[in-house]
Structure formats: C-alpha cells, structure tokens
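Colleague: The structure follows.
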Ligand SMILES: Cc1ncc(COP(=O)(O)O)c(C=O)c1O
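Listed below in structure tokens is the structure:
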C-alpha cells in the first residue's frame, strides 16, 4: 500500500539546514533554525532545569503512568503563569488545564476538543502564521481560514484589515492569536489592539484561541500574558495553548498544555472530561519527565526565582541583539530602514528582503535563512553580527 503514497515537496527549513551543513566555509552563519541559541551558538539546558531534574530523578520511585490530564502541580503552575494567581476565571472554577506533549500536542488536543463541541468549526489564523498550525488544526477537524495580519511593506501589524475581516466572522467561530513573539513575523498586538480585539470578540461572539509558545521572551512573564488575562476576564470562552519548549528550554521533553476557559464551572467540568478523553484517543498518556521538571520549578520559590532570572537573560539577549543588528545596519547606511526589528519581539523577524537577496546572502556570503527572509535573532552573536550586517548591506546595494 505504501507505494500509493504521494511524494512530498521538500521541507523549506530542512532544505536550508542541509545546504548549511554541506557548506565548508568556516564563517558560515545559520539564522534559519527555530530554537534559542546563546552567545556560543548552543541551546543549553537551563541551570534551574538541571537542578530540578536531579532532585526528581533521585526522588522518583515509580515509572507508572501519571494521569491522562498530566501532572496536577504542573497544570496549576501553568494556570498561574498564564492567568496570574488571582484571576477571576480561576476563582470561578471556569478554567481547566491539561498537560500535553509540547505546544503542538496542546494545539491538537484543544483543536479536537473544539471540533467535538462544534464539528467543523471555522478557525481564522493570522496570515502569516507558524506553518504547523495548519496540519495540527486541520487534522483535529477544524475548518481553516485566515485573516490579514502583517503588513510587509510597513513592517507592522496590519490591524485595520485584520479587524475588518474578523468583523465578518460568524458567532461561535474561532480566532487563532499568537499570545506574544509572533512566529514568524515578530510583530505583536499592542495593549490597545488586544483591547479592540476583545471588544470585537465580545460583540461578534467569537472565541479566541490563543497560542502562547514564547511567554516571557518578549517583555516579561506577566507582560506577555496581557492578552490572555484580558480575554479570559472579559469573554465567556477562551482557548489557550502554551509550551515550555522555549521559555524553559525543554524542547525534546515535549511539555505544553491546553487550557480552556468555559462560560461556567459546569461547562468547565464537561471540558475537563472531554479534553482527557480526547487525549486518551490520541496518545493516551502524556510523557512525565519534562512536566515534572517544569512543575517542580514553578512550585519551588528558589528554583522559580532562578528560572525567572535565566529567562530574563534570554529575553535581554534577544532584545539586545535586535537593537545591535539595527544599529549595525544603520551605520552601514543601507537603503532600507531596519529599525522595525528592534520593535519586534521574540526569536523571529522578517528582514523584508527579496528571495533573490536571500539566495545571494547564502551563496555569496554564507549567511543562511529561509526564503521568506525570516531570521532567528538568536542565531546572531557579537562575533558574527558585523558579518551579518555587511552581507545584508552588500546584497541591498
Ligand atoms: C507559534 C508556535 N506555537 C507552538 C509551537 C509548539 O512548540 P512545541 O510543540 O515544540 O512545544 C511553536 C514552536 O515552534 C510555535 O512557534
């Protein structure tokens, strides 16, 4: 039967990675990868994670299953991170959170849960969005649609067309919103825009589906949850999906969560039972180790403080590199103004150059990025930033 399967087009990012590996140039620079890197180009295990991990491994006396909904301490810790300790929807018993295998698992569980309640429900995704949103939500049974999000010429959120499109959506339809650090464009909603979007959802009865995979990497843990907290306080129903891949660096451990705010505590109980049942039908039980680490850190004052500090360092590095790249490009007097990069947040931004220029960067200057010109800011460091800026300035001449 497998000979009947259709061949797949090559994956854009994997293709760039292959070209990068094959390039023998000693000064080659990879800005295409999707993970955080430090000044030395490593994606290290956080010190707080190492400490938690040791304690957990020593104390662990069984490998039996945890629970379908995962580690209860982790789920509580995630709720505090997302909504803040005293959020009214938590107090009202309207929130249900299940541990999932990564943010991707969270998107799948939340998508299936929505599709169970409203078969074929329509979800509007930002254009552009993280490419994995489409297969994850489509296979959950949702109907995919888009709204305009990024103005490539002005390098900012295209808010009016976005609102105009969503104003035509029907009651009960969903809006996928990046909570912070938009992937791929780096342009986030301002507080005023979150407010306007909340009002629109209220007026048109739309359900926000917030994917917050980078909490803490834009402005701070609380600041980055502004939209989640606002919408969860004002709207009857909100879906939130989060990930510990980036902010705790737990990528391969597969830790994330799907959290649902329901209209009342009764509906929340139904959501909890159905979310667990959905998970049972996909992967049965979540992995333990990563969530045990995250849960331990979130529940231990000393380790939490250490993690918050490590997270602040990652954030400061990203925001500092944004500023540095903009300054380095400005002194080279490039014909394009790149100051928008310093206003964007998270790991990614589009340089906004042409595909031909991206290819020249790769072939002539050994600087690699995906063809959309999305760069991973964390791939830059103090040792290569001048070469990156020189190369960009050269292809823009
Ligand atoms: C926007 C967005 N959502 C979700 C994820 C999920 O990540 P993971 O499944 O590795 O936790 C990512 C990872 O790159 C992402 O960029």
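Numbering (the working numbering), first residue to last: 103 to 499.
Cβ coordinates follow ideal geometry from the N, Cα and C atoms, glycine included.
Just so it is clear, the structure is predicted and the values come from calculations on it, not from any experiment.
I think residue 348 touches residue 319, with their Cβ atoms under 8 Å apart; what is that distance to the nearest whole Å?
Modeller: Correct: roughly 6 Å between the Cβ atoms.
Colleague: Since residue 358 sits in a beta bridge, which residues does DSSP pair it with?
Modeller: Beta-bridge pairing links residue 358 to 202, 345.
Colleague: Can you check DSSP and say which residues form a bridge with residue 279?
Modeller: 312, per the DSSP bridge assignment.
Colleague: Leaving aside the five residues before and after residue 235 along the sequence, list all residues of the same chain whose C-beta is less than 6 Å from its C-beta, in chain order.
Modeller: Excluding positions up to five away in sequence, the list reads 227.
Colleague: Please state whether DSSP places residue 126 in a helix, a strand or coil.
Modeller: DSSP places residue 126 in coil when its eight states are reduced to three.
Colleague: Could you tell me which of 126, 124, 119, 179 sits nearest to residue 133, measuring between CA atoms?
Modeller: Closest option to residue 133, Cα to Cα, is 119.
Colleague: Under the three-state reduction of DSSP, which class applies to residue 421: helix, strand or coil?
Modeller: Here residue 421 sits in helix by DSSP.
Colleague: Less than 6 Å between C-beta atoms, sequence neighbours within five positions excluded: which residues of the same chain meet that for residue 137?
Modeller: For residue 137, where only same-chain residues beyond five positions count, the Cβ hits under 6 Å are 145.
Colleague: Quick one: grab the DSSP three-state call for residue 482.
Modeller: Coil.
Colleague: Counting by C-beta, which residues lie closer than 5 Å to a heavy atom of ligand 1, in chain order?
Modeller: In chain order, the qualifying residues are 204, 205, 206, 232, 285, 313, 315, 345, 347, 358.
Colleague: Please state whether DSSP places residue 300 in a helix, a strand or coil.
Modeller: Looking at residue 300 - three-state DSSP - the assignment turns out to be helix.
Colleague: How big is the Cα-Cα spacing for residue 344 and residue 411?
Modeller: Approximately 20 Å between the Cα atoms of the pair.
Colleague: Should residue 104 go down as buried or exposed, given a rule of 16 or more other Cβ atoms within 10 Å for buried?
Modeller: Classification of residue 104: exposed, given that the 10 Å Cβ count is below 16.
Colleague: How about residue 158: is its C-beta nearer than 7 Å to some C-beta of chain C?
Modeller: The chain labelled as chain C is not found in the depicted structure, where only one protein chain is given.
Colleague: Between 189, 468, 171, 251, which has its C-alpha nearest residue 261's C-alpha?
Modeller: Closest by alpha carbon: 251.
Colleague: At the level of alpha carbons, what is the spacing between residue 386 and residue 393?
Modeller: Approximately 16 Å, taken between the alpha carbons.
Colleague: By Cβ distance below 7 Å, which residues in the same chain neighbour residue 210 in space, the five residues on each side in sequence not counted?
Modeller: Around residue 210: 238, 242, 384.
Colleague: Count the other CB atoms, across all protein chains shown, that sit within 10 Å of the CB of residue 180; report buried if there are 16 or more and exposed otherwise.
Modeller: Buried, since its Cβ has 16 or more Cβ neighbours within 10 Å.
Colleague: Can you tell me whether DSSP reads residue 246 as helix, strand or coil?
Modeller: Strand.
Colleague: The alpha helix (DSSP H) with residue 442 in it runs from where to where?
Modeller: That run of the alpha helix (DSSP H) goes 442 to 445.
Colleague: Any idea what DSSP makes of residue 290, helix, strand or coil?
Modeller: Here residue 290 sits in coil by DSSP.
Colleague: Pick out whichever of 222, 203, 297 has its Cα sitting closest to the Cα of residue 177.
Modeller: Comparing Cα-Cα distances from residue 177 to each of 222, 203, 297, the minimum goes to 203.
Colleague: Once the 5 residues before and after residue 248 are set aside, which same chain residues still bring their CB inside 6 Å of it?
Modeller: Contacts found: 227, 229.
Colleague: Check residue 455 in the structure and name its three-state DSSP category.
Modeller: It is coil, neither helix nor strand.
Colleague: Of all the options 429, 403, 299, which has the alpha carbon lying nearest to the alpha carbon of residue 154?
Modeller: The option with the nearest alpha carbon to residue 154 is 403.
Colleague: What's the C-alpha gap between residue 201 and residue 337?
Modeller: Approximately 23 Å between the Cα atoms of the pair.
Colleague: Apply the 10 Å Cβ neighbour rule to residue 305 and answer buried if 16 or more other Cβ atoms are within range, or exposed otherwise.
Modeller: Flag for residue 305 reads exposed.
Colleague: Rounded to whole angstroms, what's the CA-CA distance from residue 142 to residue 263? Just pull it up for me.
Modeller: Taking the straight line from one Cα to the other gives about 41 Å.
Colleague: Pick helix, strand or coil for residue 115, following the three-state DSSP scheme.
Modeller: Note: residue 115 maps to helix in three-state DSSP.
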